[in-house]
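Worksheet: one structure, shown below.
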Amino acid sequence: MNKLAYHLQTLEEALLTTEVRQSTDRLRELLTDYFFEIGSSGRILYQDWDQTTLQIDPIEAVLSEFTMHPLTEGHVLVTYRLVQPKLNRVTRRSSIWVLVDGRWKMRFHQGTVVPSEAT
Numbered sequence: 174m175n176k177l178a179y180h181l182q183t184l185e186e187a188l189l190t191t192e193v194r195q196s197t198d199r200l201r202e203l204l205t206d207y208f209f210e211i212g213s214s215g216r217i218l219y220q221d222w223d224q225t226t227l228q229i230d231p232i233e234a235v236l237s238e239f240t241m242h243p244l245t246e247g248h249v250l251v252t253y254r255l256v257q258p259k260l261n262r263v264t265r266r267s268s269i270w271v272l273v274d275g276r277w278k279m280r281f282h283q284g285t286v287v288p289s290e291a292t
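Per our numbering, the very first residue in the sequence shown carries number 174; after that it's consecutive.
Below is the structure:
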């Protein structure tokens, strides 16, 4: 895994932690002002997020199969598998990361539930 892929995986893993998910300051560091997510429910989430109030519920999960797909200079798509044992759920995740003022920030995220027979 190259240095950038390792860094982006570390940022994705940080976004799974309670410490980051409950800290508006940390979320502001990791998400662009225009961040939005298509949740595993199919709903669009956080499209108009207020950086002073957004806090995301904690999640217990294990990330694997991390792959980086460069798009353009300063834009990267990452994909991975996320297992949430307590929910007995597996999802495929994708995120677009952009380089903003020398820092990588998430611009978009999507989670798709993997049916149990396909895991």
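No residue lacks a Cβ here, since even glycine has one placed at the ideal position from N, Cα and C.
On a predicted model such as this, the values are computed, not experimentally measured, just so you know.
Nearest CA to the CA of residue i: which residue from the options?
{"i": "V271", "options": "K176, R265, L244, Q283", "result": "L244"}
{"i": "L260", "options": "A234, K278, T191, V193", "result": "A234"}
{"i": "R280", "options": "R194, L204, G212, R262", "result": "L204"}
{"i": "V286", "options": "A178, D274, Y253", "result": "Y253"}
{"i": "G275", "options": "S289, L236, S268, E202", "result": "E202"}
{"i": "R262", "options": "V249, L236, M174, Q182", "result": "L236"}
{"i": "S302", "options": "Q257, L250, E185", "result": "Lying before the first or after the last residue shown, residue 302 is absent from the chain, which here runs from 174 to 292."}
{"i": "H180", "options": "M241, E210, R265, D206", "result": "M241"}
{"i": "L250", "options": "D230, L200, W277", "result": "W277"}
{"i": "R199", "options": "F208, L188, F209", "result": "L188"}
Per DSSP, residue i forms a beta bridge with which residues?
{"i": "F209", "result": "F281"}
{"i": "L272", "result": "W277"}
{"i": "V286", "result": "T264"}
{"i": "I217", "result": "I211"}
Could you spell out the range, first to last residue, of the beta strand (DSSP E) harbouring residue i?
{"i": "Q257", "result": "248-257"}
{"i": "V235", "result": "235-245"}
Could you tell me the boundaries of the alpha helix (DSSP H) in which residue i lies?
{"i": "Y179", "result": "176-187"}
{"i": "D198", "result": "197-203"}
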